[in-house]
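1122 is the number of the first residue of the sequence shown in our numbering; add one for each residue after it. Only one structure is covered here, and it is reproduced in the block below.
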Amino acid sequence: MGELYVHGVRLQPGKPTAFGDVAGRPVVCLPGYPVAALSNLYLFVRPAIKRLAHLDDKPIRAKARLARKMPSKPGYLSLVRVAFREDGQVEPIMVSGAGILSSVARADGFVVVPEELEGFEEGEMVEVIVYE
């Protein structure tokens, strides 16, 4: 009937993700929690759809200084939601749980924390992928 290519990704939030095809058509299974689903949508689905439509798939990025420490779980690529402050710094929205949709409503974008890091320190410059 179909083929499963990927089941689970090292992403937080968003680990329970699958990619495959059914009858030659691509299928993406997103996580059930809204924050995890949005993370996967921005990282995988949106760029794929834009490429298929021959559109620029590069996200809007901005450099900003962290207003406070941004911890993250090592061993997973982490997408930490952030909000821009009036002084130009970004503040991590430290609400845990992939079901907390209010954290997305308050966020202006997210910072990608590589899996080999345990986050970033206060005052570090980070790259923000801005929600459109």
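We treat Cβ as the ideally placed atom computed from N, Cα and C, and that holds for glycine.
Around the beta carbon of G1123, fewer than 16 other beta carbons sit within 10 angstroms, so the residue counts as exposed. Each of S1224, T1138, V1234, D1229 was checked against the Cα of V1211, and the nearest Cα belongs to D1229. Between R1182 and V1249, the beta carbon gap of about 7 Å places them in contact (Cβ cut-off 8 Å).
When secondary structure is reduced to three states using DSSP, I1214 falls in the coil class, being assigned neither helix nor strand. M1246 and M1191 have their alpha carbons spaced roughly 12 Å apart. With fewer than 16 other Cβ atoms inside 10 Å of its own Cβ, I1170 counts as exposed. Taking the CA atoms as reference points, K1194 sits about 13 Å from M1215.
In terms of Cα proximity to G1145, the closest of L1125, P1155, Y1163, P1137 is L1125. Every unbroken stretch of the alpha helix (DSSP H) spanning 4 or more residues and falling wholly within the segment 1166 to 1205 is given here in chain order: 1167 to 1173.
C-alpha of E1242 to C-alpha of C1150: approximately 34 Å in a straight line. Between P1147 and D1208, the alpha-carbon positions lie close to 44 Å from each other. In the DSSP assignment, L1132 is bridged to L1198. When C-alpha distances from P1235 are compared across R1227, D1177, L1198, the shortest belongs to L1198.
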